[in-house]
Structures are given as structure tokens and as C-alpha cells.
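A.B. asks: When we follow this note's numbering, the leftmost residue of the sequence shown carries the number 2, and every step to the right adds one.
Here it is: the structure, laid out below.
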Amino acid sequence: MFWRLSHRHRGSQHEDLALAFLKRQGLTLVQRNYAWKGGEIDLIMLDKTTLVFIEVRYRKNATFGAATESLTKSKQRKLINTAKHFLLTQAKHNPACRFDLLAITGQTSSEQIDWLKNIIQLDY
């Protein structure tokens, strides 16, 4: 149980770091941790008029693969289904959308942030 709480706490810290980074890039927060039975999206933000679904991935180091490589096909399907659910239930209109990955690698004092835009195509 302790590990689980610690893991969630670390995840939240990295989402905070990602959120601050993206705000500095000019994006506006729409919703954080949007969840339903089919999955969760870490951050939903607006980049001008584009709705951006953002997955935040963290790796302390690349021993078990880079954070940019950790987005599996299964996780991509969950993100797509969760985004569709969000659009059907929350969006007032049909905005342009994209999926981004924010990969954070390293320790607190030397974290590297890689922002990969438009990593998944959403088919309507």
C-alpha cells in the first residue's frame, strides 16, 4: 500500500511539472485527470483553438526503456476511447483535437522534458 501511494504521489508531482511546462508554452488547462470506466487522460488543454489530450509519462532513467517509448498500443486505445467519451459528454462543439505525449526522464534536479505533439490520430 505504501508503494502505491508513493507511486501516485510521484505521478501527481510529474503531472504538476508537465502542467507548469505546458502553461509556459501558452496552453490553457481544461481538465486534469479526466476518467471514466474506459480509461484516464492526465491533462486536457487548449492550444489556441485545438483541444489537446496529453499523456504524461515518467521514467527515472532509460534502463527499462525511455518514457517516450512507454505508450503501448493498449494505452493508446484507452486514450482514444476516453477522448471520444470526453468529446461526447463534455465538449460543447466539435473542436480540432490532437494527442500529445509529455515524457519526463531523470531525477528531480536534472529532469529532461520531451514534448511530442500529435502522436495518435483520432478517427471520428
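Note that the Cβ used here is the ideal one computed from N, Cα and C, for glycine as well.
Report the three-state DSSP secondary structure of T90 (helix, strand or coil).
C.D. replies: helix
A.B. asks: Any heavy atom of the ligand NAP closer than 6 Å to the Cβ of R60?
C.D. replies: Only the bare structure without any ligand can be found here, which leaves the ligand NAP out of the picture.
A.B. asks: Any idea which residues DSSP pairs F100 with across the strands?
C.D. replies: Answer is F54.
A.B. asks: By the DSSP assignment, the beta strand (DSSP E) with E41 in it spans what residues?
C.D. replies: 40-48
A.B. asks: Would you mind giving the Cβ-Cβ distance between F169 and F54, rounded to the nearest angstrom? I have them listed as a contact below 8 Å.
C.D. replies: Not covered by the structure: residue 169. The range shown for the chain is 2 to 125.
A.B. asks: Kindly indicate which residue of I120, N119, D115, K76 has the alpha-carbon position closest to the one of H15.
C.D. replies: D115
A.B. asks: List the endpoints of the continuous beta strand (DSSP E) containing N119.
C.D. replies: Per DSSP, N119 belongs to no beta strand (DSSP E) and is neither H nor E.
A.B. asks: Can you tell which of L103, C98, K61, H86 has its C-alpha closest to the C-alpha of S111?
C.D. replies: Checking every option, the nearest Cα to that of S111 belongs to K61.
A.B. asks: Report the residue from K79, E56, G27 whose alpha carbon sits nearest the alpha carbon of D48.
C.D. replies: G27
A.B. asks: So, with DSSP's three-state summary, where would you put L80?
C.D. replies: helix
A.B. asks: Starting from the C-beta of T51, find all residues in its chain whose C-beta is less than 8 Å away, skip the five residues before and the five after it, and write them out in chain order.
C.D. replies: P96, A97, C98, R99
A.B. asks: Spell out the partners DSSP gives T29 in its beta bridges.
C.D. replies: T29 is bridged to L47.
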